[in-house]
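**Q** Each residue of the sequence shown is one higher than the one before, counting from 0 in numbering that gives the first Met the number 0.
Don't be surprised by glycine CBs; every beta carbon is placed ideally from N, CA and C.
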Amino acid sequence: MNHIQILSIFLFVWITFTMRGQSVETGLEWRFGIPKHLSGWEIRDSNQIKFTSKSVSFISGRDSSFVSPKLEVLAARFMICEIVMQSDRQTVGELFFAGPDAEFSQKNSLAFQVESSTVPRTYRIDCSRHPLWTGNIVRLRLDPAVSADIGMQVQSIRLLPAKTEQLSADYVGMPSAEQQDDTSFRQPTLIGVPQDSPEFFTKFHNQLSNNTPISDLKPRTTQEIPDGNIFGVAICGSDFFTNTPETKGALWSSYWLNDGEKLANTHNTVFSSAMHYSENAKEWCMVELKQQEQISRIILRPRNRDLDGFPIDLHILCSSDGQNWNQITELKEIYTLPKEQEYFSFDFQPQPTRFVKVVATRLRAEGKQRYYFQLRELEVFGKDGVNYALADQGGVASAGNPLGSGMFDYQEYYGNIFDSGAQWVFVSNESFLSRYKSGQSPCTYAERSNAEYLQKNGTKLLYRFFTLPSFAEYRAEPERIRREYAEAVTAIVKTLQGKVSIWSLANEQNFYGDSILPSELAEFRNYYVDLVGTAAERIRQIDPRTPIEIETALFDYGWTEEVLKAGLADKIDLIGVHVYKELRGCDTFPEAAGAISQNGKRLYTGPYSNYEDQIAALRKLIEKYNPKIGITVSETGINTGDNPEGGSYYVSEKSQAKFLARLYVYHLFHRIGPTCWWSFDPVKTGEFQWGLLTPTGKRKAAWYALRNVASIFDNSCHLNSEIKLQLEGKVEAFQSCILQNATGEFLIPFWSAVKMRDSNTGKAVDLIISGLELKYMEAIDMLSGSVHPLHFEQQGKEYRLKGIIVRDYPVVLRLIR
């Protein structure tokens with residue numbers, strides 16, 4: 000499945016030429032249990048396919064599917080699709096159907112939850128509720144999983160008449176209007192983010208539970224939003240500064256093990272494993288040669304002379320078939336390079352080899368309690384002196400747990416940004432100062448062309464000069480350091496002027512911790528104000544129309560006041576706050592008052608009761624010095640997985656999507672922006688993940704939440720007082736706002752600002768809208784991207800929406816008069 004999912008209703012297929020012996024009344028069935036027999040179906044993009052007496056087993060690929068032969072099925076005769084299958088992980092399946100003149104598409108599909116199980120489970124789908132399940136069905140496709148590397152078995156697929164048998168507990172169809180107490184799983188989303196049935200408080204037909212016909216929300220790319228928006232993403236990696244359409248490997252991926260160092264001067268061409276918190280983790284990397292060769296030498300090139308990331312203990316294995324291995328050498332206690340060498344070389348008697356594997360059994364620390372296996376190049380030489388490991392020689396590199404995954408696809412990488420509808424991209428240049436000092440241009444070739452490419456595609460660039468010279472350097476030679484820093488900054492401004500929408504200076508100097516003594520604090524703030532203020536003045540001279548921003552880690556009222564008072568209030572236009580809630584455990588939610596920074600450290604408790612209070616306090620402080628200064632959120636996010644180091648604390652992927660939708664709409668309420676999610680690209684460290692994409696390139700639920708928000712809201716939205724909204728029923732922490740856009744539509748986002756839980760099914764209440772005569776109403780689910788026509792009762796200019804479900808993420812009412 001390339002896109003997130005709509006479970007195509009699996010059509011009960013009447014195949015006259017293959018099912019001649021079976022009664023229509025008992026249904027049609029395809030069994031996959033005969034060895035190497037798929038009943039005419041074709042299995043695609045699946046690995047390790049094996050046949051047993053009862054099923055076909057496989058490991059899912061990125062787009063695994065079962066495609067039927069040509070069929071002739073009358074949809075009206077078959078209402079239920081039954082699939083018997085097993086999965087070793089919970090995932091989402093998808094079923095597609097096509098008529099005589101149609102192809103497989105998302106609009107002809109339904110998604111369903113696939114549970115983790117050690118035995119086959121039966122899933123039944125009511126196809127009759129899909130509005131396009133009509134006429135003749137000529138083809139079916141089952142996509143059993145949304146992601147790769149899932150162990151699965153499929154036993155059979157059946158199409159059944161509706162009256163054949165009672166629906167089992169695994170029934171996953173849509174309940175009828177009469178089934179108000181149905182609590183079995185239902186899948187009403189169009190993007191593969193399961194939403195359970197709501198908690199019901201009324202027997203009235205509930206709205207937004209997909210009992211009404213639904214359609215997909217039409218997404219908008221960045222170029223299709225003429226009024227602009229405040230929604231953005233932050234690129235964490237160096238791709239913007241280093242990658243061009245010619246670059247092939249993702250950052251830190253195994254591709255760089257055998258690339259031949261062709262891009263060594265312009266790109267980080269190093270392989271890295273994922274991060275570990277112990278040196279005892281085991282990691283491996285490998286090169287498979289194009290064919291078996293007589294190999295006599297292996298060379299390992301470390302990342303650098305300091306052996307950063309190079310294992311302390313390792314061994315090297317060779318194999319001719321990838322199954323039986325011979326150990327070539329074993330090294331222990333590696334702390335230095337061989338004398339007068341830049342690499343480790345191992346010579347041995349020639350032996351027939353096709354696979355060479357390096358196994359790291361003890362990792363080296365990088366920083367505090369962070370361990371990686373990193374290697375610049377793995378070279379494998381034949382007795383003829385040829386390096387057969389090279390990609391140019393047909394070698395293919397792989398690794399057990401790479402920090403970066405797969406190949407770098409330029410169009411796909413930026414296409415993921417443009418498709419999300421995010422009009423702001425936040426990038427951080429960490430090397431401009433070192434490049435300037437070494438005599439290189441501070442601005443790389445790649446960033447020039449990439450800035451232009453972003454601009455052509457309707458995206459605005461927020462450009463951060465991440466690095467600030469050290470405090471120690473400044474104290475020793477303040478005039479030289481001030482001059483060099485300003486020159487390095489202005490060199491980039493001159494090059495990228497007209498392609499950058501906000502210039503951001505420095506990073507989180509307010510978060511100094513114990514590195515600055517109390518007696519040094521005043522001098523440290525002056526160092527910051529001097530360098531940033533000087534650079535801001537130079538930027539203003541060259542590019543007077545582009546706003547200038549400074550940034551703080553979390554809300555830091557003391558630091559912000561001091562630096563504004565010291566002279567920055569008249570030199571900057573924006574303050575970019577890094578909003579990370581950093582609440583303990585899984586109870587993080589957007590509207591909560593998060594941790595703040597005070598005296599250089601994180602403070603978990605403060606005088607603020609909620610996020611709105613924190614925003615108001617910062618606005619009040621800024622107005623004392625310059626009321627024209629705006630507030631952006633240049634970094635925000637929440638990670639998924641386990642993060643023992645702290646940070647923003649992990650949540651489920653579904654809650655991450657809810658968090659993004661709630662926070663972005665909340666910022667729209669309070670006119671804060673742009674807001675940039677950190678990060679857009681996948682960041683995998685240990686067991687926790689940031690990012691809107693997975694390391695394999697799959698779009699996460701939060702990516703779709705961003706796309707849905709950007710498809711509805713833009714900068715033309717403004718507060719409107721003509722319409723009133725009333726709530727009848729109990730909803731905890733109800734949030735709402737009435738907006739109107741440039742086309743005259745009224746948009747009313749609403750949600751329950753409670754702690755996010757995957758199990759939260761919402762509450763059904765009545766909403767009353769008054770003030771204007773309206774012609775049409777619909778509701779848009781910001782998590783699923785589904786559009787629901789609404790039923791309402793009208794009394795004059797008052798409209799009652801009965802049984803509207805309020806969830807723990809935004810639903811948007813769209814009203815047209």
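1) Let me make sure I understand the geometry here. Which of 350, 395, 422 and 273 has the alpha-carbon closest to that of residue 369?
2) From residue 513 to residue 601, what does the alpha carbon distance come to, in whole angstroms?
3) Which residue's Cα is closest to the Cα of residue 898: 774, 778 and 810?
4) My understanding is that residue 796 touches residue 758, with C-beta atoms under 8 angstroms, so please give their C-beta distance in whole angstroms.
5) Which same chain residues, not among the five before or five after residue 677, have their C-beta less than 7 angstroms away from its C-beta?
6) Considering just the uninterrupted stretch of the alpha helix (DSSP H) at residue 397, what are its terminal residues?
7) Please state the DSSP three-state secondary structure of residue 840.
8) At which residue ranges does the region 572–658 contain complete alpha helix (DSSP H) runs of 4 or more residues, listed in the order of the chain?
9) Would a C-beta distance cut-off of 8 angstroms place residue 256 and residue 377 closer than the cut-off?
10) Taking DSSP's pairing of strands, which residues face residue 313 in a bridge?
11) Rounded to a whole number of angstroms, what is the C-alpha to C-alpha distance between residue 597 and residue 749?
12) Considering Cα atoms alone, identify which of 442, 490 and 428 is closest to residue 461.
13) Smallest Cα separation from residue 809: which of 531, 654, 433 and 781?
14) If I measure Cβ to Cβ from residue 260 and keep anything under 7 angstroms in the same chain, skipping five residues before and after, which residues do I get?
15) Which of the three DSSP states is assigned to residue 802 in this structure?
16) Measuring alpha carbon to alpha carbon, tell me which residue in 474, 489 and 445 is nearest residue 464.
17) Thinking just about the alpha-carbon of each residue, which of 137, 160, 321 and 119 is nearest to the one in residue 832?
18) Check whether the region 104–124 touches the region 57–66, counting contact only when three or more Cβ pairs, one atom from each stretch, lie closer than 8 angstroms.
19) Let's see if you can read the secondary structure: which residues bound the alpha helix (DSSP H) around residue 748?
20) Helix, strand or coil for residue 418 per DSSP?
21) Using a threshold of 8 angstroms, state whether the C-beta atoms of residue 722 and residue 763 are closer than that.
22) Which of helix, strand or coil does DSSP assign to residue 442?
23) Tell me which residues share the same chain as residue 107 and place their Cβ nearer than 7 angstroms to its Cβ, disregarding the 5 neighbours each side in the sequence.
24) Specify the secondary structure class of residue 335 as computed by DSSP and reduced to three states.
25) Just to confirm the assignment: which complete beta strand (DSSP E) runs, minimum length 3, are found wholly within the region 220–276?
26) Can you tell which of 704, 743, 790 and 812 has its C-alpha closest to the C-alpha of residue 230?
27) Contact criterion: CB-CB distance below 8 angstroms. Does residue 803 meet it with respect to chain B?
28) Determine the burial state of residue 323: buried for a count of at least 16 other Cβ atoms within 10 Å of its Cβ, exposed for fewer.
29) Which residue spans inside the region 61–88 form an unbroken beta strand (DSSP E) run of at least 3?
30) Give the range of the alpha helix (DSSP H) segment to which residue 523 is assigned.
31) Residue 49 and residue 137 look like a contact to me (Cβ under 8 angstroms); what is the Cβ gap, rounded to whole Å?
32) On the three-state DSSP scale, how would you describe residue 53?
33) Out of 358, 753, 719 and 728, point me to the one whose CA is closest to residue 741's CA.
34) Look at the Cβ atom of residue 216, then the Cβ atom of residue 785, and state whether they are nearer than 8 angstroms.
35) Return helix, strand or coil for residue 126, following the three-state DSSP convention.
36) Should the region 407–420 be called in touch with the region 302–321, which here means at least 3 C-beta pairs below 8 angstroms?
**A** Taking the definition as stated:
1) 273
2) 12 angstroms
3) There is simply no residue 898 to check, as the chain begins at 0 and stops at 816 in what is shown.
4) So it is not a contact: roughly 39 angstroms between Cβ atoms.
5) Cβ within range, chain order: 233, 235, 634, 635, 636 and 689.
6) It is not in any alpha helix (DSSP H) - residue 397 instead sits in the beta strand (DSSP E) that spans 395–398.
7) Only positions 0 to 816 of the chain appear in the structure, and residue 840 is not among them; the question remains open.
8) 610–624
9) A contact, by the Cβ cut-off of 8 angstroms.
10) 330 and 359
11) 34 angstroms
12) Distances from the CA of residue 461 to each of 442, 490 and 428 were compared; the closest alpha carbon is that of 428.
13) 781
14) 268 and 376
15) strand
16) 489
17) A query on residue 832 cannot be resolved here, the shown segment of the chain reaching from 0 to 816 and no further.
18) no
19) Not the alpha helix (DSSP H): residue 748 falls in the beta strand (DSSP E), residues 745–751.
20) DSSP places residue 418 in the helix class (H, G or I) of the three-state scheme.
21) no
22) coil
23) 7, 95, 96, 97, 101 and 131
24) Here residue 335 sits in coil by DSSP.
25) 230–233
26) 704
27) No chain B appears in the structure shown, which is made up of a single protein chain.
28) exposed
29) 79–86
30) 520–541
31) In this structure residue 49 does not touch residue 137 by the C-beta definition: roughly 30 angstroms separates them, more than the 8 angstroms allowed.
32) Looking at residue 53 - three-state DSSP - the assignment turns out to be coil, as it is neither helix nor strand.
33) 719
34) yes
35) Here residue 126 sits in helix by DSSP.
36) Using a Cβ-Cβ distance cut-off of 8 angstroms, the region 407–420 and the region 302–321 are not in contact, since fewer than three pairs of beta carbons, one from each stretch, lie closer than that value.
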